[in-house]
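First up is the structure itself, then whatever we jot down about it.
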Amino acid sequence: MKAEHVDGRKDLLEDTDALQELLQPALTPTGRWASRGRFPLALLQQAAVNASSKQQLTTGILGVNGPPGTGKTTLLRDVVAARIIERAEVMCSFSSPESAFKPTNVKLQRNNAKVTLHELDARLKGFEMVVASSNNKAVENVSAELPSLNAVADDAPELRYFKTISDSILETETWGVISAVLGNKSNRYNFSQRFWRDPETGLSTYLNHASGVPQIINEEQEDGSVRRRYRKIIDLEQAPNNSREAKARWGQTRSRFKEAFDTFKQLQNELQKVHVQVSQLEKATRWLEENTPKISRIKSDFEELGKRYTEIDAQRERARELVTVSNGKKQDLYERRPGFFARLFRTQSFRDWASHFDKACSWLKDCECELAAIKKEAERYFDVLTEKKLRLEDAEKKFEEVLAAEVRLKQTVKAARERCAAIVPDEQFFSMPHEQLQTSSVWFDRLGSRMRDEIFEAAVSVHRAFIDCCADRLKQNLAIFIQNFGTRSLGSPAKDALLPDLWASFFLVVPVVSTTFASIDRMFTRLGTESLGWLLIDEAGQAVPQAAVGALMRSRQAVVVGDPLQIEPVVTLPNSLTEEICAYFAIDPLKFNAPEASVQTLADTASVYGARFPSGSGYRDVGAPLLVHRRCSSPMFEISNEIAYSNLMVQAKAGKPSETVLGRSSWIDVKGTATQDKWCVQEAKVLIEMLSKLRASGKNADIYVVTPFVIVQDNLRREILNSGVLQDWVEKPNSWVYEHVGTVHTVQGREAEIVFFVLGAQAQSQNGARAWAGGKPNLVNVAVTRAKGFLYVIGNRSLWKNAGVFATLDRHLP
């Protein structure tokens, strides 16, 4: 891939200095939960994570451009894991975690109890993470995937974090309460009921017990006896019985983390030395390449000057000889001058002599002038020659030193490469083929990755032990916070000034909160500028620019992940009106006006790193690009790569999908009855027949049915339900059709083993509808890349194959 320098920004693909800096081994360890063996980070994914962990975002924004299936969610996991580890390191700086919560004079009366609000130490702020999107499903998917038990490796049974609470919230097996789906009032209420208020599995019960108030319940048995037991969360989470036990655990957990972190730091320091040597070698090699021709030119100039000086020196000798000859001629004539009376009476002989003498004097003067000029030029050339000689000697000396250093560094780096099993991003690395470069993970071998896993596990344990020690003070903050999630005033400006501390206290327990942009203002209404640490925007290509303003304003750093070549932002206002608004405020509509502009396109522009990719007859600028695709098999990968990404994506999905009774991916040509509303009943019949075959084969209903048009979506849902094909195949058919049958716009961010793409628009007169669907790659790109294993297009092939990018589907699908 060729990526050009963009607008003065560091180019992530061509600027090796910038990339080396991002990829140096001082990576924040991201842990087994984030990476997992089956999701090795590609080169540019690691660069993006490092840019965030090192906080090198001079603009505060890192744009990450991610085509479908290139690991955007995995990247967000890594960013989340990095923040958790960083905060754990800060937590370990407290010998007594309680001191992180400073009591204030603000006391509130709640349920006949006085509650003291506590100010959180500033060092523990700035780690708050908010995942936001315009796409409701994208937000829910990220929040559901983060705590999912499938998100952690099988060999990490100890990686658990208030699993009891998380299981209760999501009603499924999880590994920990790492995220919360908040946003609207209903979500906040439902979360609070299970997270905090549930007497058996709520956090308030746990914190009460850890702060020394036993959470015991008496249960009457059938025989009349009474059995005393702890609430479920106390036994399941093995809560400390009091602050002394919590502090003892803290000491042990803190020591384990420090030991693991110090060991990992030693590995990092070793790798850092290799990085420095690689950088020095690269600079030495570059210096030799740049200066070899310069030294040759200096040497050539010196030789030319030497030749010229020799010529001038010879001219000076000849001029000196002429002066000697002319001076001798003058002296000879002077000695033969006429006598006194001849000079007195100016005889003819005297006049003849005087004429010859004047000529001799004039010749002597000319020879002396010429000698002086040549002498002056010779001196000037001598000075230049001397300077050139010194420069040449210095340059040759420097050249020899750098050459020797290069030889020495090559040997050192070679030895380091042999000693280090990890891939080192040196000159050899950057000369690899595009596919190999993109699929390589640098700096960490299996040992390093395992150590990172242990660091993350230890960091999670640190959070748990820290919370145990702060149980009483944290409980008081959260008791007030959970009542309305900081959306209402506490009664006065002085009290409201503590709302950021209440939010930070909540984020201390639940590191990630997800919400839609629409709920940002309501949920964070009382938080000021840069009150939150990190904003992680997902599916940013689908969001209108103005949607993210409130979230960006309240955040210190932002990682914006999306793809402008998937579904564009939906704009309900007429384009003529929005263009008039842009003109009124004197801004460029192509840059700031949706659907051409999105949160992603603006983030790409603002991002400190960028790349430039060919697009049609021109190019497009993006942020840090992710190019390694791991979702779709053929031909979906090839179709998407061709229509949207100039064949620059790299296929990394191994193996072939298991066969189905429907055969390989194909286009089922259906010539049906044309209607004015784009609906075709024959296409529905074909779809239902194919669904029936899948059901009969015992295949799971891991399926999506997508279409470009709402009318087709609605009719397909009705026909599928009426056919009864879903009975005894899926649990809730009515819910299933609304989850799995929809327009392409509703399925971005989702995936299934099989996708049916029902086209509709069978009328000859509906060229406009077909041109709309295929005029840009976005809609087809999203539809095709939802399919992990198989894609079946159902529609009139002769009508659709000439509709823009549908020609590519026609070429790839039998």
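Residues in the sequence shown are numbered consecutively from 416, following the numbering used here. A virtual CB, placed ideally from N, CA and C, is assigned to each residue, including glycine.
Residue environment analysis places Ser1080 among the buried positions, since at least 16 neighbouring C-beta atoms fall within 10 angstroms of its C-beta.
Note on Thr1122: 16 or more other CB atoms within 10 angstroms of its CB, so buried under the neighbour-count rule. When secondary structure is reduced to three states using DSSP, Thr854 falls in the coil class, being assigned neither helix nor strand.
Here Cys885 is buried, its C-beta having at least 16 other C-beta atoms within 10 Å. One Cα belongs to Gln1015, the other to Pro483, and the distance between them is close to 14 Å.
In this structure, Gln1177 places its C-beta atom within 8 Å of the C-beta atom of Leu1214. At a cut-off of 4 residues, the continuous stretches assigned as alpha helix (DSSP H) that sit fully inside the region 567–624 are 578–585 and 600–607. Contact between Lys1093 and Ile1126 is confirmed by a C-beta separation of about 6 Å, below the 8 Å threshold. In the structure shown, Leu682 adopts helical secondary structure according to DSSP, grouped into three states.
Of all alpha-carbon atoms in Tyr749, Phe756, Ile1103 and Ala820, the one lying nearest the alpha-carbon of Val1156 is that of Ile1103.
Secondary structure note for Tyr1119: its beta strand (DSSP E) is the uninterrupted segment Ile1118 to Thr1122. CA-to-CA, the gap between Val1023 and Tyr1060 works out to about 22 Å.
Cβ-Cβ distances below 7 Å link Gly863 to Leu682 and Ala837 in the same chain, with the five nearest sequence neighbours on each side left out; the list follows chain order.
A residue is called buried when at least 16 other Cβ atoms come within 10 angstroms of its Cβ; Asp887 meets this threshold and is buried. Around Ala1218, the same chain offers Arg1185, Ala1186, Ala1188 and Gly1189 as residues with beta carbons nearer than 7 Å, after the five sequence neighbours per side are excluded. Taking the C-beta atoms as reference points, Phe1171 is found nearer than 8 Å to Ile1209. One alpha carbon belongs to Leu720, the other to Lys774, and they sit about 37 Å apart.
For the alpha helix (DSSP H) assignment, the uninterrupted runs of no fewer than 4 residues enclosed by the region 645–720 are, from N- to C-terminal side, 647–651. Within the region 1104–1167, the complete alpha helix (DSSP H) runs of at least 4 residues fall at 1125–1138 and 1148–1155.
Secondary structure note for Glu995: its alpha helix (DSSP H) is the uninterrupted segment Asn990 to Tyr999. Measuring C-alpha to C-alpha distances from Gly1031 to each of Ala873, Val1220 and Phe679 identifies Val1220 as the nearest. Under the 10 Å beta carbon count, Phe755 is surrounded by fewer than 16 other beta carbons and is classified as exposed.
Taking C-beta atoms under 8 Å as the contact rule, Val545 and Val557 fail to qualify, at a distance of about 11 Å.
Across the set Phe900, Val567 and Tyr621, the C-alpha of Tyr621 shows the shortest separation from the C-alpha of Leu651.
Distance check between Ala880 and each of Ala1167, Val828, Arg669 and Ile499 places Arg669 closest, using alpha-carbon atoms only. Judged by pairs of C-beta atoms under 8 Å, the region 491–503 touches the region 926–940, as three or more such pairs exist. In the pairwise beta carbon analysis, the region 726–745 is classified as touching the region 777–791: at least three pairs are separated by under 8 Å. Boundaries of the beta strand (DSSP E) around Pro1029: Tyr1024 to Ser1030.
For Leu914, same chain residues with a beta-carbon under 6 Å away, outside a window of 5 residues either side, are Gly901 and Arg941 in chain order. Collapsing the DSSP output to three states places Glu534 in a strand. Cα atoms of Gly591 and Phe610: separation of roughly 12 Å, rounded to the nearest angstrom. Between the C-alpha atoms of Gly1139 and Ala1116 there is a straight-line separation of about 14 Å. If you look at Glu635, you'll find it in the beta strand (DSSP E) that goes Ile631 to Glu635. For Trp1187, the three-state secondary structure derived from DSSP is helix.
With a cutoff of 8 Å on beta-carbon distance, Phe676 and Ile870 are scored as near each other.
Annotation for Gly1219: no alpha helix (DSSP H) segment contains it, and DSSP assigns it neither H nor E.
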